[in-house]
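Participant:
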Amino acid sequence: MQGLKYANPETVEEACTLLRDHGEDAAILSGGQSLLPMLRQRVGSYDKVIDINGLPDLEYVRETDGEIRIGCLSRHVDVASSSVVEEHCPILADVAAEIGDVQVRNRGTFCGAVAHADPSGDPPVVATLLDATIVARNADEKRTLSGSSFYHGFYETDLSKDELVTEVRFPVLSAGEGAGFEKYEPTEGAYPVATVGAYLSLADDGRIENATLVTGALEAGPTPMDDAAEVLEDREPTDDVLTEAAEQLGEDTMPVDDFEGSAAFKTNISKKLAKDALQTALDRAENER
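In our numbering, the protein residues as written are 30 to 318.
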């Protein structure tokens, strides 16, 4: 870390200009729960840290135009405790409330986790699942990116090196829609070994109209499980149907043997997580009809 320079911009424009000028040599500091361990372990080489915690008006969780909008300085605890989230998109509270430990939740930022794209991170899974709108700024312009296509493998996203994620927007779930999230972690606060997010929408006759399933931690990034989702569509949401989809998801995963467990173990865990996530999504969809 010798020679590392620190910048404390006062505006988004100033922060983006610093990113443009320093590119891959600069790192954004918001919560710091991922960046600081990386710096201590000398993972990656940065010349400048750009601390955005002084930027004004970026710590909010609010409902606007049918979306839950999360500013880039909102902490996980802000999302977990938000009444707006609980009313309109409770899966976000489920995710934020179980990230890391108390310190991580109090300091880490939800948008930072979305942008960081840790393969074991929880926010990238729900951003993919609900096709969040990711708002990115550089020194010259603002653009929006689709959460469902934002991730491209191990820490790879559509974000350019000179861009800052300023906001992430999630849809308000309407009547007949529900989403659930489940994960397995060996101990509290540990990185998850497997995660599954599930989304369902029900037609007027109670059949499943649309379904989405996404896994995390099992592969190099959030992975949509399209074949498992197709098992559900246009069918009655019986226990057998949910089980069939969960089994299909497990068979479609491609985990590897490592210190966290065998591939077979992770596959079996993913089936259980998928069934539970689907049941939560169904319960919420039926309760909101």
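Glycine included, each C-beta is placed from N, C-alpha and C at the ideal position.
In terms of alpha-carbon separation, which member of L47, D256 and L87 lies closest to D76?
Facilitator: Within the sequence shown, the letter at position 47 stands for residue 76. Ranking L47, D256 and L87 by Cα distance to D76 puts L47 first.
Participant: In whole angstroms, give me the CA-to-CA distance for R313 and D123.
Facilitator: Against the sequence shown, residue 313 aligns to sequence position 284. Against the sequence shown, residue 123 aligns to sequence position 94. Roughly 13 angstroms between the two C-alpha positions.
Participant: Give me the DSSP bridge partner(s) of D233.
Facilitator: The residue given as residue 233 occupies position 204 in the sequence shown. The partner list for D233 (beta bridge, DSSP) is empty, contrary to what the question assumes.
Participant: Go through the stretch 81-136 residue by residue and report every complete run of the beta strand (DSSP E) that reaches 3 residues or more, in order.
Facilitator: Entirely contained in the stretch 81-136, the beta strand (DSSP E) runs reaching 3 residues are, in chain order, 90-93 and 96-100.
Participant: Spatial neighbours of F183 within its chain, please: C-beta separation below 7 angstroms, excluding the five flanking residues on both sides.
Facilitator: Residue 183 sits at position 154 when you count from the first residue of the sequence shown. Cβ neighbours of F183 beyond the five flanking positions: P148, A249 and G250.
Participant: Assign F288 to one of two classes, buried (16 or more other C-beta atoms within 10 Å of its C-beta) or exposed (fewer than that).
Facilitator: Here residue 288 refers to the residue found at position 259 of the sequence shown. Its Cβ having fewer than 16 others within 10 Å, F288 is exposed.
Participant: Reducing DSSP to helix, strand and coil, say where V143 ends up.
Facilitator: By 1-based counting over the sequence shown, the position of residue 143 is 114. Of the three classes helix, strand and coil, the one that applies to V143 here is helix, per DSSP.
Participant: Do the CB positions of G226 and A275 come within less than 8 angstroms of each other?
Facilitator: Position 197 of the sequence shown, counting from 1, holds the residue named residue 226. Position 246 of the sequence shown, counting from 1, holds the residue named residue 275. No; because the gap between Cβ atoms is not below 8 angstroms, this pair is not in contact.
Participant: Quick check: what's the CA-CA separation for A219 versus L247?
Facilitator: Counting from 1 along the sequence shown, the entry for residue 219 is found at position 190. Counting from 1 along the sequence shown, the entry for residue 247 is found at position 218. Using only the alpha carbons, I get a separation of about 15 angstroms.
Participant: Helix, strand or coil: which one does DSSP assign to P266?
Facilitator: Translated into the one-based positions of the sequence shown, residue 266 becomes position 237. It is coil, neither helix nor strand.
Participant: Based on Cα-Cα distance, which residue from E280, L311 and A310 lies nearest to T296?
Facilitator: Walking along the sequence shown from the start, residue 296 turns up at place 267. Selected option, being the one with the closest Cα: E280.
Participant: Taking all protein chains shown into account, do 16 or more other C-beta atoms lie within 10 angstroms of the C-beta of R69, making it buried, or fewer, making it exposed?
Facilitator: Residue 69 sits at position 40 when you count from the first residue of the sequence shown. Counting Cβ neighbours within 10 Å, R69 comes out exposed, since fewer than 16 surround it.
Participant: Hey, how far is the Cα of V164 from the Cα of L261?
Facilitator: Within the sequence shown, the letter at position 135 stands for residue 164. Within the sequence shown, the letter at position 232 stands for residue 261. Their backbone Cα atoms lie some 32 angstroms apart in a straight line.
Participant: S175 bridges to which residues according to DSSP?
Facilitator: Here residue 175 corresponds to residue number 146 of the sequence shown, with the count starting at 1. Paired residue(s): T162.
Participant: In whole angstroms, what separates the C-alpha of T244 from that of A310?
Facilitator: Along the sequence shown, read from residue 1 onward, the residue named residue 244 stands at position 215. Along the sequence shown, read from residue 1 onward, the residue named residue 310 stands at position 281. Cα to Cα, T244 sits roughly 15 angstroms from A310.
Participant: In chain order, what residues of the same chain lie with their CB nearer than 7 angstroms to the CB of A292, ignoring the 5 residues before and after it?
Facilitator: Working through the sequence shown from its first residue, we reach residue 292 at position 263. Excluding sequence neighbours, A292 sits near P284, V285 and D286.
Participant: Find out if the Cβ-Cβ distance for the pair T138, R104 is shorter than 8 angstroms.
Facilitator: Translated into positions along the sequence shown, residue 138 becomes position 109. Translated into positions along the sequence shown, residue 104 becomes position 75. Yes.
Participant: I'd like the span of the alpha helix (DSSP H) that includes K34, first residue to last.
Facilitator: Stepping through the sequence shown from its first residue, residue 34 is reached at position 5. Taken as a continuous stretch (DSSP letters only), K34 belongs to no alpha helix (DSSP H), being part of the beta strand (DSSP E) at K34 to A36.
Participant: Nearest to D255 by CA position, among E214, T241 and R264, is which residue?
Facilitator: Along the sequence shown, one-based indexing puts residue 255 at 226. Ranking E214, T241 and R264 by Cα distance to D255 puts T241 first.
Participant: Going by the DSSP bridge assignment, what does A240 pair with across the sheet?
Facilitator: Reading the sequence shown from its first residue, position 211 is the one you call residue 240. Answer by DSSP bridge pairing, in chain order: L229.
Participant: Just to confirm my understanding: we take N37, look at its own chain, exclude 5 residues before and 5 after, and list those with CB closer than 7 angstroms. What are they?
Facilitator: If you number the sequence shown from 1, residue 37 lands on position 8. For N37, where only same-chain residues beyond five positions count, the Cβ hits under 7 angstroms are D80 and G83.
Participant: Using DSSP with H/G/I as helix, E/B as strand and the rest coil, what is K190?
Facilitator: The sequence position of residue 190 within the sequence shown is 161, counting from 1. Of the three classes helix, strand and coil, the one that applies to K190 here is coil, per DSSP.
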